[in-house]
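Numbering (our numbering), first residue to last: 801 to 994.
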């Protein structure tokens with residue numbers, strides 16, 4: 801039987817991989833070299849959680865994790881994407897799919913960490929949204945493009961809706977599924993807020 805810590809670490813690694821992939825793919829599309837893709841992938845992977853932890857004044861998660869696995873996962877994921885960039889070159893939409901997975905995982909994780917630190921629903925929701933959206937915001941700013949969350953996408957709003965449901969149903973899995981479902985639907989049907 802898996803213990804709770806192993807599940808949390810596994811889910812976190814999946815989120816790191818998803819966001820690092822989306823960051824590195826965005827770098828590949830902007831013709832960055834391998835170092836640029838690694839920096840961008842890593843910033844996307846750990847950016848939202850870093851902002852959350854600094855604001856909450858708690859130890860930054862990746863500075864204290866075992867053998868710096870968060871950084872290693874982001875670096876390795878980014879290098880893999882860079883090396884396999886030809887495979888992904890014609891799949892423009894794949895960044896959005898990776899990003900949707902990362903958004904759902906890190907929104908819920910950020911909410912849970914913030915609620916544990918503050919016992920405040922409002923702060924937890926804001927920190928959950930920041931954790932889920934912060935890495936992508938950093939990615940877009942580094943690439944000198946309008947941040948994805950400000951382009952009318954149902955992105956931060958998907959996070960908000962999922963986290964509001966989490967307050968009432970107290971099920972991280974339901975919140976994750978709702979956030980992911982909203983993002984998948986908005987990608988699939990090209991739904992916008994504006």
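Note that CB positions come from ideal geometry on N, CA and C, so glycine has one too.
Per DSSP, reduced to three states, the secondary structure at residue 992 is strand. Here residue 836 is actually not in contact with residue 939; their C-beta atoms are around 12 Å apart, not less than 8 Å.
Under DSSP, residue 953 takes part in a beta bridge, and its partners are 992.
DSSP, read as helix, strand or coil, puts residue 863 in helix. With the rule of 3 Cβ pairs closer than 8 Å, the region 815-830 counts as touching the region 888-903.
Rounded to the nearest whole angstrom, the C-alpha separation of residue 961 and residue 951 is 18 Å.
Annotated three-state conformation of residue 920 is coil, per DSSP. A direct Cα-to-Cα measurement between residue 839 and residue 877 gives close to 11 Å. A contact between stretches requires three or more CB pairs, one per stretch, nearer than 8 Å, and the region 825-834 fails this requirement with the region 901-912. In the structure shown, the three-state DSSP call for residue 927 is helix. Residue burial annotation: residue 942 is buried, with at least 16 other C-beta atoms found within 10 angstroms of its C-beta. Pairwise C-beta distances place the region 840-855 out of contact with the region 957-971, as fewer than three of them are shorter than 8 Å. The C-beta separation of residue 924 from residue 931 comes to about 10 Å, leaving the pair out of contact by the 8 Å criterion. In this structure residue 860 touches residue 850 by the C-beta definition: roughly 6 Å separates them, less than 8 Å. Taking the C-beta atoms as reference points, residue 980 is found no nearer than 7 Å to residue 914.
Residue 867 and residue 811 have their C-alpha atoms spaced approximately 17 Å apart. Per DSSP, the continuous alpha helix (DSSP H) segment holding residue 853 begins and ends at 834-856. For residue 987, the CB contacts under 6 Å within the same chain, skipping 5 residues up- and downstream, are 896 in chain order.
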